[in-house]
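For what it's worth, the working numbering labels the leading residue of the sequence shown as 10, then goes sequentially. First up is the structure itself, then whatever we jot down about it.
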Amino acid sequence: MIKMQSMQTVLKQYFGFSSFRPYQKDVIEKIIEGNDSLIVMATGSGKSLCYQVPPLVVGKTGVVVSPLISLMQDQVMSLKQRGIRAEFMGSSQTDSTVQNRAESGQFDILYMTPEKACLIPASFWSKLLSVGICLFAVDEAHCISEWGHDFRVEYKKLDKLRGILVDVPFIALTATATEKVRTDIVNSLKMQNPYVTIGSFDRPNLFYGVKSFNRGQSFVHELVQEVSKFVRRDGSTIVYCTTIKDVEQVFKSLKELGIKAGIYHGQMDSKARAESHRLFIRDELDVMVATIAFGMGIDKPNIRQVIHYGCPKSLESYYQESGRCGRDGVASVCWLYYTRSDFAKSDFYVGELQTESQRRAVVESLMAAQQYCLLTTCRRKFLLGHFGEKVLADKCGICDNCISSKRERDMSREAFLLMACIQSCGSKWGLNMPVDILRGSRAKKIIDPQYDKLPLHGLGKDYSSNWWKALGYQLISSGYLMETVNDIYRTVSVSPKGYQFLSSAGPDHQAPLVLPVTSEMVD
Ligand code: ADP
Ligand code: ZN
């Protein structure tokens with residue numbers, strides 16, 4: 010009971026809050042009792058308090074590993090303002106005073122980069138152990154896992170500290186983790202029987218939507234018009250681009266429209282980046298155009314929309330980036346604009362990865378993100394399902410697919426033709442080859458392997474090649490076709506579900522395959 014009292018006092022005295030959020034209280038108690046703990050909670054749910062309160066309750070230092078200096082600076086500053094003795098140690102600076110003070114137990118909370126945590130000599134840890142260390146927290150813990158969207162080698166090395174800080178509770182925190190990532194975190198940090206808290210990932214105030222586009226000047230124009238429509242007085246917008254070139258182009262176009270836009274990417278020097286960041290946080294910009302370098306630790310409550318221009322590399326990163334809007338609970342929107350060429354481009358990136366396991370993890374992530382783009386059912390249900398959360402309702406009512414009244418029709422015949430054609434040409438191509446065969450092409454690439462002799466050749470003349478490809482992507486997203494990435498190109502084949510459909514009868518006899526008529530099915 011005494012402990013509770015002081016937890017409450019700490020909360021009020023240092024943080025000015027009168028009550029803990031339900032899970033915070035449990036986690037903090039477990040940590041104080043010495044348990045390892047894994048906390049998986051949405052951004053903005055108050056995870057930091059879980060490692061900030063115990064040191065103040067027990068009067069020992071809490072060490073927190075965090076990936077970004079800027080993030081630590083912000084945290085340290087805000088903790089100091091609350092009268093908490095906090096400091097950080099980066100890998101570059103020679104902060105021997107900070108180290109000396111830490112060794113004599115002068116900090117409540119000591120942040121450090123993972124590099125620092127790995128490099129600092131064992132004598133540091135033994136001194137800290139003798140003056141008192143009450144927890145070792147690893148923030149953004151998904152960086153430990155190759156299955157996460159932000160793998161960092163240094164994070165992986167943190168396990169060696171387990172052998173040094175034997176009885177110190179290890180706390181891992183992240184906002185995004187699938188089951189694979191969770192298991193990886195627990196194993197990598199050698200956590201012992203950790204207390205696991207997994208919150209709902211749902212952000213009920215966020216609208217999710219996806220639009221496809223064709224890359225080019227006209228699209229930037231369209232995007233910019235769209236962005237400018239949304240620019241409101243009550244909040245700001247982030248536009249995430251996949252390349253610095255896109256960032257610059259979108260930024261320029263917004264400026265031309267007289268919109269107060271800022272720019273942020275990894276090739277700017279740190280001073281320029283910090284300035285951009287500052288202007289955005291202070292509401293002096295309406296739109297920030299950035300690569301994903303702009304991200305961790307943006308604790309801005311009134312971001313009203315996050316637009317992704319280009320398909321992200323994983324749903325984990327997408328959910329985290331888009332989740333930066335609406336932190337204040339006010340309705341906000343997350344739009345994703347993708348173009349088919351994004352999918353192929355990311356395959357190159359896969360080809361450059363070193364190990365097979367890295368490649369597998371990345372391909373799986375890319376496929377999930379791609380599936381999200383092509384989805385014709387509830388986006389929220391899909392996203393939450395990806396994070397292992399079961400959603401009973403089929404429609405959330407606040408995503409584009411739930412609110413649009415899409416036309417549907419029986420596409421059994423067309424689906425049959427496409428799947429049969431993919432099978433007939435050996436399942437060794439992407440969608441272009443079978444579509445060209447169906448459309449009766451007499452190109453050399455068709456004549457040479459004698460694909461023009463296939464009985465299906467020319468049976469699909471009635472539809473454009475875009476129409477067929479759109480159908481192909483729908484069949485992929487509904488599981489009738491499978492897409493495989495081989496080094497840098499993709500092949501499409503018929504899945505077991507597709508075989509079942511094909512074999513159930515001739516083209517006119519199986520149960521109808523009813524699919525939505527998407528905006529891409531244009532002739
Ligand atoms: P996370 O690390 O999960 O993204 P933060 O720790 O940054 O979230 O907290 C998000 C916001 O919630 C912060 O503004 C924080 O002050 C606030 N907060 C955290 N715990 C409480 C609480 N018990 N009562 C009220 N506000 C809280
Ligand atoms: Zn929905």
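Idealized CB from N, CA, C, for every residue including glycine.
Next item on the list: Run the CB neighbour count on Asp45, radius 10 Å, all protein chains shown included, and call it buried at 16 or more, exposed below.
Entry: Answer is buried; the Cβ neighbour count reaches 16.
Item checked: C-alpha distance - Phe391 paired with Tyr327, whole-angstrom precision -> Rounded to whole angstroms, Phe391 to Tyr327 spans 13 Å at the Cα level.
Beta-carbon contacts of Lys69 that lie in its chain and below 7 Å, excluding the five residues immediately before and after:
These residues qualify, in order along the chain: Gly141, Ile142, Cys143.
Quiz item: Any chance the stretch 319-334 sits against the stretch 183-201, with 3 or more Cβ pairs inside 8 Å?
Solution: The count of Cβ pairs closer than 8 Å, one atom from the stretch 319-334 and one from the stretch 183-201, reaches three, so the stretches are in contact.
Exercise for review: Whole angstroms is fine: what's the gap from Val3's alpha carbon to Asp351's?
Suggested key: The structure shown does not extend to residue 3, since the chain is modelled only from 10 to 532, so the question has no answer here.
How long is the line joining the alpha carbons of Ser15 and Phe26, rounded to whole angstroms? Spanning the two alpha carbons is a distance of roughly 13 Å.
| request: Give the secondary structure of Trp156 by DSSP, where H, G and I count as helix, E and B as strand, and everything else as coil. | output: In the three-state scheme derived from DSSP, where H, G and I count as helix and E and B as strand, Trp156 is classed as coil.
Hey, would you say Thr246 sits closer than 8 Å to Arg336, going by beta carbons? Thr246 is not a Cβ neighbour of Arg336, given a cutoff of 8 Å.
With Val400 and Leu440 assumed to form a contact (beta carbons below 8 Å), what rounded beta-carbon distance in angstroms separates them?
That belief does not hold up - the Cβ atoms of Val400 and Leu440 are roughly 31 Å apart, past 8 Å.
Check: What do you reckon, are the CB atoms on Gln258 and Val229 nearer than 8 Å?
Finding: Yes, the Cβ-Cβ distance between Gln258 and Val229 is below 8 Å.
- Check whether the Cβ of Cys343 sits closer than 7 Å to any heavy atom of the ligand ZN, and report yes or no. With a cutoff of 7 Å, Cys343 does not count as near the ligand ZN, since its C-beta is closer than that to no heavy atom of the ligand.
Margin query: Is Lys390 close to the ligand ZN? I mean its beta-carbon at under 7 Å from any heavy atom of the ligand.
Written below: Yes.
| query | Does any heavy atom of the ligand ADP sit closer than 7 Å to the C-beta of Asp159? | reply | Annotation for Asp159 indicates a beta carbon at 7 Å or more from all heavy atoms of the ligand ADP.
Note to self: Taking the beta carbon of Met442 as the centre, do at least 16 other beta carbons fall within 10 Å, making it buried, or is it exposed?
What the structure shows: With 16 or more Cβ atoms within 10 Å of its Cβ, Met442 is classed as buried.
query = Terminal residues of the continuous alpha helix (DSSP H) containing Thr106?
reply = Run containing Thr106: 105-112, per the alpha helix (DSSP H) assignment.
Rounded straight-line distance, which links the Cα of Pro458 to that of His466: Across the structure, His466 and Pro458 are spaced so that their CA atoms are roughly 13 Å apart.
Three-state secondary structure (DSSP) at Thr300? Three-state result, Thr300: coil.
In this structure, how does DSSP classify Ala146 when only helix, strand and coil are distinguished? The answer is strand: DSSP assigns Ala146 an E or B state.
- request: Answer yes or no: the CB of Lys69 versus the heavy atoms of the ligand ZN, is any distance below 7 Å?
  value: No; taking the cut-off as 7 Å, the Cβ of Lys69 has no heavy atom of the ligand ZN nearer than that.
Next on the checklist: Across the stretch 331-349 and the stretch 209-224, are there enough close Cβ pairs to call them in contact, namely three or more that are closer than 8 Å?
Outcome noted: Look at the beta carbons and you see the stretch 331-349 touching the stretch 209-224: at least three pairs across the two are nearer than 8 Å.
Is the CB-CB distance between Val503 and Met428 below 8 Å?
It is a contact, given that the beta carbons lie within the stated cut-off.
Inset, instruction - Output yes or no for whether 8 Å exceeds the beta carbon distance between Thr300 and Ile268. - result: Cβ atoms of Thr300 and Ile268: not closer than 8 Å.
Just how far apart, CA to CA, sit Leu65 and Leu88? Annotation: Leu65 to Leu88 spans about 12 Å, alpha carbon to alpha carbon.
| said: So within the stretch 323-396, which uninterrupted beta strand (DSSP E) runs reach at least 3 residues, ignoring any that extend past its ends? | reply: Here the runs fully enclosed are 341-347.
Quiz prompt | Residue interval of the alpha helix (DSSP H) (run including Arg499) | solution = Where Arg499 is concerned, there is no enclosing alpha helix (DSSP H), although the beta strand (DSSP E) it sits in stretches over 498-503.
Going by the CB atoms, is the gap between Gly469 and Leu484 shorter than 8 Å? Against a cut-off of 8 Å, the Cβ pair of Gly469 and Leu484 comes out as no contact.
*Apart from the five residues on each side of it in sequence, which residues of its chain come closer than 7 Å, Cβ to Cβ, to Gly488?*
Same-chain partners within the cutoff: Ser504, Lys506.
Do you know offhand how far Tyr23's Cα is from Asp409's?
The alpha-carbon separation between Tyr23 and Asp409 amounts to approximately 43 Å.
Open item on the list: Residues in the same chain with beta-carbon distance under 6 Å from Ser28, minus the five sequence neighbours each way, listed in chain order, please.
Closed with: Within its own chain, no residue has a Cβ closer than 6 Å to the Cβ of Ser28 once the five positions on either side in sequence are excluded.
message: Assuming contact is defined by CB atoms lying nearer than 8 Å, are Val36 and Ile48 in contact in what I supplied?
response: At the C-beta level, Val36 and Ile48 come within 8 Å of one another.
Quiz item: Is there at least one non-hydrogen atom of the ligand ZN closer than 7 Å to the beta-carbon of Cys382?
Solution: Every heavy atom of the ligand ZN is 7 Å or more from the Cβ of Cys382, so no.
How long is the line joining the alpha carbons of Lys39 and Asp148, rounded to whole angstroms?
-> Straight across, the Cα-Cα distance linking Lys39 with Asp148 is about 17 Å.
What is the C-beta distance between Thr527 and Thr385, in whole angstroms, given that I count them as a contact (C-beta under 8 Å)?
The pair is a contact, with the Cβ atoms about 7 Å apart (cut-off 8 Å).
*State buried or exposed for Glu124, treating a residue as buried only when at least 16 other CB atoms are found within 10 Å of its CB.*
Under this definition Glu124 is a buried residue.
Thr251 versus Asp278, Leu294, Glu330, Asp292, residue with shortest Cα-Cα distance:
Among Asp278, Leu294, Glu330, Asp292, the Cα nearest to that of Thr251 is on Glu330.
Next item on the list: Kindly indicate the opening and closing residues of the alpha helix (DSSP H) around Gln314.
Entry: In this chain, Gln314 is not harboured by any alpha helix (DSSP H); it is covered by the beta strand (DSSP E) spanning 312-318.
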